[in-house]
Amino acid sequence: MILETIMIIALCLLMLAILANLYRVVKGPSSADRVQALDSIGINLIASIAVYSVLLHTHAFFDLILLIGILSFIGTVAFARFIERGVVIERKR
Amino acid sequence: MKPNDVILRSVTRVAAVIILTFSIYLFMNGHHHPGGGFIGGLSTASAIVLLYLSFGIEKVRENIRTDFKKLAAIGVLIAIGTGTASVLFGKPFLTQTFGHVDLPIFGDTELASALIFDTGVALAVIGTAVNIILSISEDR
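Chains A and B, in that order, give the protein sequences. Every letter in the first sequence is one number past the one before it in the UniProt record's numbering, and letter 64, counting from 1, is 64. Every letter in the second sequence is one number past the one before it in the UniProt record's numbering, and letter 16, counting from 1, is 16.
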């Protein structure tokens, strides 16, 4: 019972962190700030899924944690290349 | 000045192996746990996209000599072939079957013919996803 209360409090705090990151996504002056905030939202989402699967007593979502980590990494790399060089996939010419 | 990609390339060398292993795990796991052909194919495609991002089109095309259009076509052919194979045994189209086989390392293993169908789905998904991303990046 007390464990569930702690889990729900942790979920609320993670939701607050996602909302704070969302403020940075909307307000951020440069696009690098927005990309950084989106990456941080992905990490908070991973933590929320972990806490929520402990709350539900299941391990069906553990693949999802790894998958969100991979997709968040690839998306951040793609955005970083786009901001820095203008092209995402390079080619010689 | 030539841009310096050392950190991205060294991370990619490690991460691509991990992502490909994870995609094979998701693909083989799909019968009893979350996973299957679609998500396994998508994570393989994401690993290939990561390789394209960090090494450029020409270098990956030298090393992975696969025509992804042909790969998608081969996947659809495998998926249809498992369906018609059940017709040859006198059962309805796309009927599945399974059997227990004694493999040398794994022992008594249940092999289902849905795995071959899933292979077709995975190949079609890999071919389609990588082909879409490559043909978008060709244009400018």
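Think of the CB as a built atom: it goes at the ideal place given N, C-alpha and C, for glycine as much as any other residue.
Touching by the beta-carbon criterion (3+ pairs, under 8 Å), the segment 115 to 131 of chain B and the segment 79 to 90 of chain B = yes
ask   = Between A:I41, A:H59, A:E90 and A:G28, which lies nearest to A:L16 when the distance is taken from Cα to Cα?
value = The residue you call residue 16 of chain A lines up with position 16 of the first sequence. Nearest of A:I41, A:H59, A:E90 and A:G28 to A:L16, Cα basis: A:I41.
query = A:L66 versus chain B: which residues are under 7 Å apart at the beta carbon?
reply = The residue labelled residue 66 of chain A in the question sits at position 66 within the first sequence. Per Cβ cutoff of 7 Å: F22.
ask   = For B:G99, does the three-state DSSP call read helix, strand or coil?
value = Here the question's residue 99 of chain B lines up with position 99 in the second sequence. B:G99 falls in the strand class under three-state DSSP.
task = For B:V49, go through chain A and note every residue whose CB falls closer than 9 Å to its CB, in chain order.
result = Indexing the second sequence from 1 puts residue 49 of chain B at position 49. Per Cβ cutoff of 9 Å: I74, A78 and I89.
ask   = From the beta carbon of A:K27, is the nearest beta carbon of chain B less than 9 Å away?
value = For the purposes of this step, residue 27 of chain A is taken as residue 27 along the first sequence, with counting starting at 1. Chain B, which has no Cβ nearer than 9 Å to the Cβ of A:K27, makes this no.
query = Looking at the C-beta of B:E58, does it have a partner C-beta in chain A at a distance below 9 Å?
reply = Counting from 1 along the second sequence, the entry for residue 58 of chain B is found at position 58. B:E58 counts as touching chain A.
inquiry  = Run through chain A and tell me which residues come within less than 9 Å of B:S10, C-beta to C-beta.
reply    = Within the second sequence, numbered from 1, the residue matching residue 10 of chain B stands at position 10. The premise fails here: B:S10 is roughly 13 Å from chain A at the closest Cβ pair, so nothing lies under 9 Å.
ask   = For A:A60, does the three-state DSSP call read helix, strand or coil?
value = As a working note, residue 60 of chain A is residue 60 in the first sequence. Reduced to three states, the DSSP call for A:A60 is coil.
task = State yes or no: is the beta carbon of A:D63 nearer than 9 Å to at least one beta carbon in chain B?
result = Your numbering for residue 63 of chain A matches position 63 in the first sequence. Taking Cβ atoms only, chain B reaches closer than 9 Å to A:D63, which makes this a yes.
ask   = Along chain B, which residues have their Cβ under 8 Å away from the Cβ of A:A60?
value = Taking the first residue of the first sequence as 1, we reach residue 60 of chain A at position 60. What A:A60 touches in chain B: H33 and P34.
query = With which residues is B:T44 paired in a DSSP beta bridge?
reply = Counting from one through the second sequence, the residue named residue 44 of chain B turns up at place 44. DSSP lists no partner for B:T44.
ask   = Does the Cβ-Cβ distance between B:G30 and B:A72 come in under 9 Å?
value = Position 30 of the second sequence, counted from the first residue, corresponds to residue 30 of chain B. Position 72 of the second sequence, counted from the first residue, corresponds to residue 72 of chain B. No. Outside cutoff.
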